[in-house]
Each structure stands twice: as C-alpha cells, then as structure tokens.
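Worksheet for the structure shown next.
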Amino acid sequence: MEMERRIQKEIQISMPPPTMHSKQLNMPVCKYEVLDGSPTGPPVYFATVGQMVYHKWTCETEHENTFCMLVHSCFVDDGNGQRVQLLNEKGCALDKYLLTNLEYPTDLMAGREAHVYKYADRDNMNFDCQISITVKEPGLDYCDVPSCPDPPRRRRSNNLPAPVENMTRIDYEEESEIVSDYIIPNDDIISLNWLQRNFDMRVSELCMTAIGTTLLVFLNAFLFIISVASILHVCCFRTSPKFDNTKSTML
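As structure tokens, this is what we get:
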C-alpha cells in the first residue's frame with residue numbers, strides 16, 4: 003500500500019531594489035547662422051535691405067535622439083539701447099513681417115526664412131536669442147514644438163521718405179510700401195536704460211556686459227576696502243589707552 007503526502011510551504015521572496023545607473027551627458031553645442039536664401043545656403047555677413055535670408059539655429063551632440071531644443075526670447079537691437087522683440091518666451095513670433103514662427107525640421111534644428119530689414123537710421127543689427135535644451139522623453143519619436151498662432155501683421159511706420167518732385171504719386175506709393183516693409187516701425191522699438199543695457203537679470207542667472215562686470219568688480223572692491231577700514235578703526239579705538247582728564251589735587 004503506497005501513501006502519498008503533499009507538503010506545501012509558503013515562501014516570501016522580496017525583489018531586490020532596482021539599481022540606478024547614472025551617466026554624465028555632455029550638453030549640446032549650439033550655434034546661430036544667417037544663410038543666403040535657404041538652410042543650405044552660404045553664410046551671409048553683409049546683406050542688402052529686402053534680401054531673402056535664412057535664420058538657422060542648430061545644436062550638435064554626441065548622443066542621438068536624446069535632447070530637444072527650443073529657440074525663444076529673441077530680440078534684435080541696434081547696439082544703442084533700442085530693440086524689438088521677435089519671439090516671446092514660448093518661442094512664438096510676434097511680427098510676421100520681421101520673423102514668422104520657426105520650423106523645426108529635426109530635434110536640434112530650427113529656422114525660418116525672412117527678408118533683411120533695418121532700423122531707419124542704423125546700418126547694423128544684433129540678434130539675441132535664447133536656446134533651451136531639455137532631455138527628450140523616453141518613447142517619443144519627435145520633440146514637442148511650440149504651438150503658436152499666426153503672428154499679427156505689424157503696424158505701418160509713419161516715418162516714410164518724402165516724395166521727390168519728379169516722382170509720380172503711383173511711383174511714390176510703391177516706393178513707400180517697399181521701404182516701409184523693411185524698416186522697423188518706431189512703435190515696436192523698446193528703448194532700454196543704462197541698467198537694462200548692461201545687466202540682464204533672469205530667474206536663475208545674471209548676465210552682464212563688460213562694462214557691467216567691471217563696475218560690479220570695482221563696487222565689490224570698494225565695499226571690501228570700506229569694511230576692512232571700518233573694522234581696523236573699531237579695533238584701534240578699543241585698544242587705545244584711555245586718559246583720565248580729571249585734575250588731581252595736591253594734599
């Protein structure tokens with residue numbers, strides 16, 4: 003006679019904690035270019051008013067499919083404290099005649115074609131844009147791009163050239179329209195004071211020009227000298243001997 007016995011025992015098994023693997027990634031290196039007419043055109047260093055150029059922002063990295071970029075907070079200024087905002091902090095265009103919404107062909111490239119424009123009394127312009135780099139979310143095929151409405155039509159400039167005597171009214175109107183299309187209107191210009199031109203204070207950083215940096219260094223040195231002199235004066239005053247000015251009487 004055979005006997006069978008089934009023996010059972012509950013065993014609790016705890017899974018080992020996941021091991022975190024960290025790796026230091028080098029940030030992408032970004033650059034801004036103005037190209038002639040297309041994303042593959044040659045660089046433009048000197049341009050004429052009305053010329054078609056391509057504004058291009060690119061970032062290069064050793065790690066593919068890892069980062070996303072956003073071009074935002076773009077300004078153009080004349081170098082003398084007057085500037086016009088092209089893109090807001092979300093990367094959306096504010097004036098389609100100056101620069102319309104950017105296109106993002108790849109995760110680390112942005113650009114848009116635009117005509118060359120100028121200030122009414124300036125020949126040079128400086129572009130200042132910020133590029134935000136973020137880590138791409140796992141599983142995403144493409145990075146999110148700004149969802150922007152169509153930028154509005156800019157206001158017409160009132161500072162148009164006066165007609166010459168031998169120019170007909172039709173010719174003058176056509177010439178005025180061409181000029182006004184590529185001249186930045188005065189209503190869009192933001193005039194900066196000295197502090198705004200030399201110091202750019204943001205949430206997590208402080209950007210300064212060479213003049214602002216020099217001024218800050220001299221100010222810190224001056225405050226340091228004043229502090230040291232005050233401490234030495236207090237120490238010398240406390241350790242100096244005290245004289246009794248009361249007259250002594252002779253017995």
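Just so we're on the same page, my numbering is the position in the sequence shown counted from 1, plus 2. Every residue, glycine too, gets a C-beta built ideally from N, C-alpha and C.
Proximity below 9 Å, CB of residue i to CB of residue j
i: M71; j: I135; result: yes
i: N128; j: D97; result: no
i: V118; j: T42; result: no
i: G113; j: L100; result: no
i: C224; j: V137; result: According to the sequence provided, residue 224 is Phe. The question's Cys does not apply to it. Cβ distance not < 9 Å, so F224 and V137 don't count as in contact.
i: W59; j: E91; result: no
i: Y121; j: Q84; result: yes
i: N67; j: D109; result: yes
i: V73; j: C131; result: yes
i: G254; j: N126; result: This structure cannot speak to residue 254, because the chain is shown only from 3 to 253.
i: K33; j: C61; result: yes
Where residue i falls: helix, strand or coil (DSSP)
i: F226; result: helix
i: L234; result: helix
i: L96; result: coil
i: T63; result: coil
i: W196; result: Caution is warranted here: a pLDDT of 46 is assigned to W196, below 50, making its placement in the model unreliable, and the coordinate value is therefore given only provisionally. Note: W196 maps to helix in three-state DSSP.
i: F77; result: strand
i: L27; result: coil
i: V219; result: helix
i: Y56; result: strand
i: P19; result: coil
i: E12; result: coil
i: F48; result: coil
i: R85; result: strand
i: E35; result: strand
Proximity winner among the options, relative to residue i (alpha-carbon distances)
i: N28; options: K11, Y56, I9 and T63; result: T63
i: E115; options: A95, Q132 and Q26; result: A95
i: M111; options: I133, T102, D125 and D123; result: I133
i: Y254; options: L88, D152 and Y106; result: No information on residue 254 is available, as it lies outside the stretch 3 to 253 that the chain covers here.
i: C322; options: H65, T102 and G52; result: The chain is shown only over 3 to 253; residue 322 falls outside these bounds and no answer can be derived.
i: L88; options: P154, N222, E6 and C238; result: P154
i: S40; options: P30, Y47, M54 and F48; result: M54
Residue i beta carbon near the ligand FMN (any heavy atom closer than 8 Å)
i: T63; result: Among the components modelled here there is no ligand, and therefore nothing to report on the ligand FMN.
Cutoff 9 Å: residue i Cβ touching any chain D Cβ
i: D97; result: Going by chain labels, chain D is absent from the structure shown, which holds only one protein chain.
Start-end ranges of the beta strand (DSSP E) lying completely within the segment 100–149, minimum 3 residues: 105–108, 111–117 and 128–137
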